[in-house]
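A.B. asks: Letter 294 of the sequence shown, counting from 1, is numbered 294 in full-length UniProt numbering, and no numbers are missing. Don't be surprised by glycine CBs; every beta carbon is placed ideally from N, CA and C. Sharing a structure below in structure tokens format, with a few things to ask.
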Amino acid sequence: MRDRSLSSFSFSDLSAWSIENSEKETEELSRSDKFLKDQIDCSDLEDARKCTEKKSGEFYFRNNFLFHKEKVLGESVAQLVLPKKYRPEVLKLAHCSVFGGHMGARKIIERIRYSFYWVGMSMDIKAFCKQCKDCQLRRRINRKDTVPITPVARPELPLQDVNIDIIGPIDPPSAKGHRYVLCLVDQHTRWAEALPLTSLTAKATCEALLTIFMRTEVPNVIASENGTNFHASLTQEFEKRMGFSPRFSTPLHPESNGLVERFNQTLKKCYIMSFWKSHVHGIRRYRLFYGPIEKYPTARQV
Numbered sequence: 001m002r003d004r005s006l007s008s009f010s011f012s013d014l015s016a017w018s019i020e021n022s023e024k025e026t027e028e029l030s031r032s033d034k035f036l037k038d039q040i041d042c043s044d045l046e047d048a049r050k051c052t053e054k055k056s057g058e059f060y061f062r063n064n065f066l067f068h069k070e071k072v073l074g075e076s077v078a079q080l081v082l083p084k085k086y087r088p089e090v091l092k093l094a095h096c097s098v099f100g101g102h103m104g105a106r107k108i109i110e111r112i113r114y115s116f117y118w119v120g121m122s123m124d125i126k127a128f129c130k131q132c133k134d135c136q137l138r139r140r141i142n143r144k145d146t147v148p149i150t151p152v153a154r155p156e157l158p159l160q161d162v163n164i165d166i167i168g169p170i171d172p173p174s175a176k177g178h179r180y181v182l183c184l185v186d187q188h189t190r191w192a193e194a195l196p197l198t199s200l201t202a203k204a205t206c207e208a209l210l211t212i213f214m215r216t217e218v219p220n221v222i223a224s225e226n227g228t229n230f231h232a233s234l235t236q237e238f239e240k241r242m243g244f245s246p247r248f249s250t251p252l253h254p255e256s257n258g259l260v261e262r263f264n265q266t267l268k269k270c271y272i273m274s275f276w277k278s279h280v281h282g283i284r285r286y287r288l289f290y291g292p293i294e295k296y297p298t299a300r301q302v
């Protein structure tokens, strides 16, 4: 019996979060067989197939498909060996899509390694990122810091201390009228949350924080800037009832809230690069926060 997760494999119509589960079995088998044929015909994979015949190296067959075994961040993963013709689409999805966010080569390499493998993969990814036109036009110019960077001390446990800030106004707003984004970063794991807001009122801010705390837990300390929505009487009452203490940054000195400010830069870059108007909801620190290896959109069709 075929592995259905493999039989649904297709790069012709990759969809970032939705997988077409209603396709007919014959169509699934046809695409599966086509990919298998491409894998067999690809000359770049000839040495890998020889390794499986000799039972040497980290290559093996599963349901007739060629896989590569490797450790990523200390955990063993099964990487589908990708024929040459599919690689440009994977690179484009992993780097250029709204889920790729035009991140740097190091993060894209890590992202693709969770799902795929081919010889010379790192070099191809570095070359692709270096040649990205959008990155060349819009990426900010990095300047050398005049003061040595010192890391923010990490609390002993997740969600003891968190930093929050608000981005906006965003122009154009989303279809639902969201013009702001509340950002939260956990100081221990660096896990980040991003929730869209329609206004900067204290009520909207408290509701967004409550949405996060319903899924996690209430932190001990929340560090923020000195916005009026963070000093409002409603926010102060919310702090008392939830049981956390506020800590405000030095006026006109955003560096004192630098952990979330740096995340803001990343989120803004992803938004500008992708023009993502409908959803602004989360940047990966998944493995540190939840544990298991997450499945990226590049692997959803496998």
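Do R138 and residue 314 come within 8 Å of each other at the CB atom, strictly closer than that value?
C.D. replies: Only positions 1 to 302 of the chain appear in this structure, which leaves residue 314 out of reach.
A.B. asks: What's the gap between the Cα of C183 and the Cα of N63?
C.D. replies: In the sequence shown, counting from the first residue as 1, residue 183 sits at position 183. In the sequence shown, counting from the first residue as 1, residue 63 sits at position 63. Roughly 44 Å separates the two Cα atoms.
A.B. asks: Can you give me the Cβ contacts of L234 inside the same chain, cut-off strictly under 8 Å, excluding the 5 residues immediately before and after it?
C.D. replies: The residue labelled residue 234 in the question sits at position 234 within the sequence shown. The answer, listed in chain order, is A202, K203 and C206.
A.B. asks: Give me whichever residues DSSP pairs with D165 in a beta bridge.
C.D. replies: By 1-based counting over the sequence shown, the position of residue 165 is 165. According to DSSP, D165 bridges with C183.
A.B. asks: So, helix, strand or coil for R106, using DSSP?
C.D. replies: Stepping through the sequence shown from its first residue, residue 106 is reached at position 106. R106: helix per DSSP, three-state reduction.
A.B. asks: Secondary structure at S115, three-state DSSP: helix, strand or coil?
C.D. replies: Numbered from 1 along the sequence shown, position 115 holds the residue referred to as residue 115. Coil, per DSSP.
A.B. asks: Would the segment 115–128 and the segment 155–164 be scored as touching if the rule is three or more Cβ pairs under 8 Å?
C.D. replies: Contact fails: fewer than three Cβ-Cβ distances are below 8 Å.
A.B. asks: Could you tell me whether the segment 66–80 touches the segment 241–251, using the rule of 3 or more Cβ pairs below 8 Å?
C.D. replies: No, the segment 66–80 does not touch the segment 241–251.
A.B. asks: Once you ignore the five residues that flank residue 305 on each side, which residues in its own chain have a CB closer than 8 Å to its CB?
C.D. replies: This structure cannot speak to residue 305, because the chain is shown only from 1 to 302.
A.B. asks: Taking Cβ positions, are A208 and L200 nearer each other than 8 Å?
C.D. replies: Within the sequence shown, the letter at position 208 stands for residue 208. Within the sequence shown, the letter at position 200 stands for residue 200. No; because the gap between Cβ atoms is not below 8 Å, this pair is not in contact.
A.B. asks: Count the other CB atoms, across all protein chains shown, that sit within 10 Å of the CB of N229; report buried if there are 16 or more and exposed otherwise.
C.D. replies: Residue 229 sits at position 229 when you count from the first residue of the sequence shown. Flag for N229 reads buried.
A.B. asks: Using only alpha-carbon positions, find the residue among V181, N163 and A175 that is nearest to P169.
C.D. replies: Counting from 1 along the sequence shown, the entry for residue 169 is found at position 169. Nearest of V181, N163 and A175 to P169, Cα basis: V181.
A.B. asks: Going by DSSP, what residues sit across from Y60 in a beta bridge?
C.D. replies: The sequence position of residue 60 within the sequence shown is 60, counting from 1. For Y60, which the question treats as bridged, DSSP gives the partners F67.
A.B. asks: Quick check on S76: does DSSP put it in helix, strand or coil?
C.D. replies: The sequence position of residue 76 within the sequence shown is 76, counting from 1. Three-state result, S76: strand.
A.B. asks: Restricting to Cα atoms, I'd like to know which of F65, F61 and T266 is closest to I167.
C.D. replies: On the sequence shown, residue 167 is found 167 positions in, with the first residue counted as 1. When each option's Cα is compared against that of I167, the closest is T266.
A.B. asks: Quick check: what's the CA-CA separation for L259 versus W191?
C.D. replies: Translated into the one-based positions of the sequence shown, residue 259 becomes position 259. Translated into the one-based positions of the sequence shown, residue 191 becomes position 191. Approximately 11 Å between the Cα atoms of the pair.
A.B. asks: Among F59, E225 and V98, which one has its Cα closest to the Cα of P251?
C.D. replies: Your numbering for residue 251 matches position 251 in the sequence shown. Checked all of F59, E225 and V98; the closest Cα to P251 is E225.
A.B. asks: V185: which of G177, Y271 and V162 sits nearest, CA to CA?
C.D. replies: Mapped onto the sequence shown, residue 185 falls at position 185. Looking at the Cα atoms, V162 is the closest of the given residues.
A.B. asks: Roughly how many whole angstroms lie between the Cα atoms of K107 and F116?
C.D. replies: Within the sequence shown, numbered from 1, the residue matching residue 107 stands at position 107. Within the sequence shown, numbered from 1, the residue matching residue 116 stands at position 116. Roughly 14 Å separates the two Cα atoms.
A.B. asks: Leaving aside the five residues before and after A105 along the sequence, list all residues of the same chain whose C-beta is less than 7 Å from its C-beta, in chain order.
C.D. replies: Taking the sequence shown and counting its residues from 1, one reaches residue 105 at position 105. Contacts found: I125, K126 and C129.
A.B. asks: Distance check for R179 and L91, CA to CA, integer angstroms please.
C.D. replies: Here residue 91 refers to the residue found at position 91 when the sequence shown is read from its first residue. Here residue 179 refers to the residue found at position 179 when the sequence shown is read from its first residue. Roughly 31 Å separates the two Cα atoms.
A.B. asks: Drop a sphere of 10 angstroms on the beta-carbon of H231, count the other beta-carbons inside from all chains shown, and report buried for 16 or more, exposed for fewer.
C.D. replies: Indexing the sequence shown from 1 puts residue 231 at position 231. H231 is exposed by the Cβ-count criterion.
A.B. asks: Looking at I212 and residue 304, is the spacing between their C-beta atoms short of 8 Å?
C.D. replies: Only positions 1 to 302 of the chain appear in this structure, which leaves residue 304 out of reach.
A.B. asks: Can you check DSSP and say which residues form a bridge with E89?
C.D. replies: By 1-based counting over the sequence shown, the position of residue 89 is 89. Answer is none; E89 lacks a bridge partner.
A.B. asks: How close, in whole Å, do the beta carbons of I164 and I222 come, if the pair is a contact with beta carbons under 8 Å?
C.D. replies: Here residue 164 refers to the residue found at position 164 of the sequence shown. Here residue 222 refers to the residue found at position 222 of the sequence shown. Sure, about 6 Å apart at Cβ, within 8 Å.
A.B. asks: Give me, in chain order, the residues of the same chain whose beta-carbon lies closer than 6 Å to that of M103; leave out the 5 immediate sequence neighbours on both sides.
C.D. replies: Numbered from its first residue, the sequence shown carries residue 103 at position 103. Here the set comprises nothing.
A.B. asks: Mark R87 as exposed unless 16 or more other C-beta atoms lie within 10 angstroms of its C-beta, in which case mark it buried.
C.D. replies: Here residue 87 refers to the residue found at position 87 when the sequence shown is read from its first residue. Under this definition R87 is a buried residue.
A.B. asks: On a CA-only basis, which of C132, Y114 and C96 is nearest L73? Give me that one, please.
C.D. replies: Numbered from its first residue, the sequence shown carries residue 73 at position 73. Comparing Cα-Cα distances from L73 to each of C132, Y114 and C96, the minimum goes to Y114.
A.B. asks: Would you kindly work out how many angstroms separate the C-alpha atoms of F99 and F263, rounded to a whole number?
C.D. replies: As a working note, residue 99 is residue 99 in the sequence shown. As a working note, residue 263 is residue 263 in the sequence shown. Going by the C-alpha atoms only, they are around 16 Å apart.
A.B. asks: So the alpha helix (DSSP H) Y122 belongs to, where does it begin and stop?
C.D. replies: Within the sequence shown, numbered from 1, the residue matching residue 122 stands at position 122. The displayed chain sequence assigns Ser, not Tyr, to residue 122. Where S122 is concerned, the enclosing alpha helix (DSSP H) stretches over M121 to K130.
A.B. asks: Taking the straight line between their C-alpha atoms, what separation do you get for P219 and K268?
C.D. replies: Along the sequence shown, read from residue 1 onward, the residue named residue 219 stands at position 219. Along the sequence shown, read from residue 1 onward, the residue named residue 268 stands at position 268. Approximately 26 Å, taken between the alpha carbons.
A.B. asks: P151: buried (16+ other C-beta within 10 angstroms of its C-beta) or exposed?
C.D. replies: Here residue 151 refers to the residue found at position 151 of the sequence shown. P151 should be labelled exposed.
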